[in-house]
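Asks: Residue numbers (this note's numbering): 3 to 151. For every residue, glycine included, the Cβ atom is placed at its ideal position computed from N, Cα and C.
1. Of all the alpha helix (DSSP H) runs that stay within the bounds of the stretch 27–77, which reach a length of 4 or more residues?
2. Provide the residue(s) that pair with residue 123 in DSSP beta bridges, ordered along the chain.
3. For residue 12, which of 131, 107 and 66 has the nearest alpha-carbon?
4. Taking C-alpha atoms, which residue in 78, 14, 3 and 23 lies nearest to residue 97?
5. By the 10 Å Cβ neighbour count, where 16 or more other Cβ atoms means buried, how is residue 49 classified, buried or exposed?
6. Where does residue 104 sit, in a helix, a strand or coil, going by DSSP?
7. Helix, strand or coil, according to DSSP, for residue 3 in the structure here?
8. Please report the distance separating the alpha-carbon of residue 63 from that of residue 127.
9. In three-state DSSP terms, what is residue 94?
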């Protein structure tokens, strides 16, 4: 599985982001391309500790833990999976500033490639560095495929 801690993977993701335009349409889902760019910033912000999410009850955490490995394994995510309510974006926004912000978030995350201590994910629990890197790559890859790049 590729990792956003790899130089090659970051270069690939950025190249694919550069192929996006404000007119790109999703192949599935409800978000437009600008909303997707905002949505993709949130998991990166959670990973670096900039976005704090409310921790669900023990039952939900146990349920989420059953799906934890699917976040970073080689198996692609299915189209149209439900989105955590905290990551749902419904506002309209400008494409260029959001693309720039996402590129900045990718750089901030990638700069932590040697970090060994990570904040616990409020829903899924602890991830090691390798899992964080793979999960972030997989999420971005999923949404770039959603928009055909």
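Replies: Put simply:
1. The stretch 27–77 contains, as complete alpha helix (DSSP H) runs of 4+ residues, the segments 35–49 and 60–67 (chain order).
2. Note: residue 123 sits in a beta bridge opposite 127.
3. The residue with the shortest Cα to Cα distance from residue 12 is 107.
4. For the residues 78, 14, 3 and 23, the minimum Cα distance to residue 97 belongs to 23.
5. By the 10 Å Cβ count, residue 49 comes out buried.
6. Residue 104 sits in a helix when the DSSP states are folded into three classes.
7. In this structure, DSSP gives residue 3 a state outside helix and strand, which the three-state scheme calls coil.
8. So the two alpha carbons sit approximately 8 angstroms from each other.
9. Shown here, residue 94 sits in coil according to DSSP, grouped into three states, outside any helix or strand.
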